[in-house]
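Structure first, then comments.
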Amino acid sequence: MKSAALQSSVINDLVLLSCVGLRPVLVHGGGPEINSWLLRLGHEPQFHNGLRVTDALTMEVVEMVLVGKVNKSLVSLINSAGGTAVGLCGKDARLLTARPTPDAAALGFVGEVARVDPGILRPILADGHIPVIASVAADENGQSYNVNADTAAGEIAAAMGAEKLILLTDVAGILEDRNDPDSLVKEIDISGIRKMVMEKKVAGGMIPKVNCCVRSLAQGVRTASIIDGRVPHSLLLEILTDEGAGTMITG
Amino acid sequence: MNIPFCYLTLESVKVEYTPDAEFYKIEAIVRPWRVHHVSSGLLQMGIRGVTVSDVRGFGAQGGSTERHGGSEFSEDKFIAKVKMEIVVCKDQVEAVVEKIIEEARTGEIGDGKIFLIPVSDVIRVRTGERGEKAERMSGGRADMMSLTASID
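So the sequences go chain by chain: P and X.
Counting from 1, one number per residue, gives the positions in the first sequence under the UniProt record's numbering.
Counting from 1, one number per residue, gives the positions in the second sequence under the UniProt record's numbering.
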């Protein structure tokens, strides 16, 4: 999320939901921040098939920026909005254990989620706090890995038996017809969305998000939504209204 | 749908099972949270007798791992599943199998398997009825199918 005003608005919505009794868990990435710090160090950000090429230096920067800067600034915003946040990354309490992706030769330290141990989240949620999780994790030997935030969110949702997974993006959702912005698909089931992907109706950048949603749904999460983070209060609209604010995929 | 009754009988005879029996038990191992989808789907098509049990199992898929609760499970780790057992007469088997697959499938590894087992006889405990009379449930699929046929 690039604009500060938008971030603030989403955080306020999150705190509101927490106040009315929902137990939200926030998982974040931070691509633009990482890019800007890499450039400050004179290192050009590189991508391969949409994933960040993460060599040793990039991994250090990713960890510092996501866990140290982005995570704490979100925690701070939640605290200012009236909630109480606890910032974690995958390494804390072995929340996420990573393993290298099959594509490690080209991508470096990009990790897939091998195991989730959601134990630490239960006392945090039970005490009324909001966990904020940075998608950095370590493998069995302590080597840091950069995990895709959507993937981390999907697997944590599956581990917690979450009711809803929500992916905030900067597009309106999934369109039935790419050229018609009014053709937003409001609700679709797993077989329907797989059909759309096969029919090439789902744009390239959206496919990993759809796969993440389906993976999560297959593990028992009730619904997974891809919503437009640019719309004010999209989070509230999605959770508290029938129309929602994007595309909801049901199990 | 306006299908003449003679076509219905023809379609229901096409599948051959060995060994041949009048009734078959359909044993489906599915994901626990899909049970509700499957049982409502079955009720909709008139299957009114189902038994479920909680089981654990593993079933290797040649190197690819199954994900359960966010974690990957290697081939020797047991994962919780539910076994659904349904006994129907031979001509209903295909429809039930198709419905189970439709409702239980997610496309990810771990969706489960279905086994068909021939059953020699079905006996109703309350009345002692055997055979087709015992297997048939009032308001069930056999009644639904004869209703559609008689409307033509």
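We put the CB at the ideal spot given by N, CA and C, even for glycine.
- Contact between the region 68 to 88 of chain X and the region 24 to 35 of chain X is present: three or more C-beta pairs spanning the two stretches fall below 8 Å.
- Within 9 Å of the CB of Glu155/P, the CB atoms of chain X belong to Arg67, Gly69, Gly70 and Ser71, in sequence order along the chain.
- Cβ neighbours of Leu14/P within its own chain (closer than 6 Å, five residues either side excluded): Pro24.
- For Leu175/P, no alpha helix (DSSP H) segment is defined, and its DSSP state is neither H nor E.
- Contact between the region 132 to 142 of chain P and the region 164 to 171 of chain P is absent: fewer than 3 CB-CB pairs across the two stretches fall below 8 Å.
- Look at the region 7 to 51 of chain P and you find these whole runs of alpha helix (DSSP H), each 4 residues long or longer: 31 to 40.
- Of all residues in the region 83 to 108 of chain X, the ones placed with a Cβ closer than 9 Å to any Cβ belonging to chain P are Glu102, Arg105, Thr106, Gly107 and Glu108, in chain order.
- By the neighbour-count criterion, in which a residue is buried when 16 or more other Cβ atoms sit within 10 angstroms of its Cβ, Phe115/X is exposed.
- At least one CB of chain X lies nearer than 8 Å to the CB of Ala158/P.
- By the C-beta density criterion, Met59/P is buried, having at least 16 other C-beta atoms within 10 angstroms.
- By the C-beta density criterion, Ile174/P is buried, having at least 16 other C-beta atoms within 10 angstroms.
- Judged by DSSP secondary structure, Asp150/P falls outside any beta strand (DSSP E) and instead within the alpha helix (DSSP H) spanning Ala149 to Met160.
- C-alpha of Ile193/P to C-alpha of Glu94/X: approximately 26 Å in a straight line.
- Contact annotation for Leu217/P against chain X: Thr106 [CB-CB distance below 8 Å, chain order].
- DSSP places Ile166/P in the uninterrupted beta strand (DSSP E) bounded by Lys164 to Thr169.
- The beta carbon of Ala158/P sits closer than 7 Å to those of Ser216, Gln219, Gly220 and Val221, all from its chain and outside the five residues before and after it, given in chain order.
- Setting aside the 5 residues that flank it on each side, Met144/X is surrounded in the same chain by Gly46, each with a C-beta closer than 7 Å to its C-beta; the list follows chain order.
- Here Lys113/X is exposed: its Cβ has fewer than 16 other Cβ atoms, across all protein chains shown, within 10 Å.
- Every beta strand (DSSP E) of 3 residues or more that sits fully in the region 27 to 108 of chain X is shown, in chain order, as 51 to 57, 66 to 68, 71 to 73 and 79 to 89.
- By a beta-carbon distance limit of 8 Å, Val27/P contacts Ile156/P. Their separation comes to about 6 Å.
- A contact is defined here as three or more CB-CB pairs under 8 Å, and the region 140 to 154 of chain P fails this definition with respect to the region 187 to 202 of chain P.
- Using a Cβ distance threshold of 8 Å, Asn148/P and Thr54/P do not count as a contacting pair.
- Taken through DSSP and simplified to helix, strand or coil, Asn79/P comes out as helix.
- DSSP places Arg115/P inside the beta strand (DSSP E), whose first and last residues are Val110 to Val116.
- In the structure shown, Gly192/P falls within a helical segment according to DSSP collapsed to helix, strand and coil.
- Arg67/X sits buried, since 16 or more C-beta atoms from the chains shown fall within 10 Å of its C-beta.
- Burial is judged here by how many other beta carbons sit within 10 angstroms of a residue's own beta carbon; Cys89/P has at least 16 and is buried.
- Our two residues, Cys212/P and Val122/X, have alpha carbons roughly 45 Å apart in a direct line.
- When the alpha-carbon of Ser64/X is set against those of Leu77/P, Gly29/P, Asp242/P and Pro102/P, the nearest one is in Pro102/P.
- In this structure the region 42 to 57 of chain P does not lie against the region 5 to 13 of chain P, because fewer than three pairs of beta carbons, one per stretch, are closer than 8 Å.
- Per DSSP, reduced to three states, the secondary structure at Arg130/X is strand.
- According to the DSSP assignment, Val67/P belongs to no beta strand (DSSP E), since it is labelled neither H nor E.
- When C-alpha distances from Asp54/X are compared across Glu129/X, Gly140/X, Ile29/X and Ile101/X, the shortest belongs to Ile29/X.
- Residues of the region 169 to 201 of chain P with a C-beta atom less than 8 Å from some C-beta of chain X are Ile190, Ser191 and Arg194, listed in chain order.
- Against chain X, the beta carbon of Arg115/P has neighbours under 8 Å at Gly70, Ser71 and Glu72, listed in chain order.
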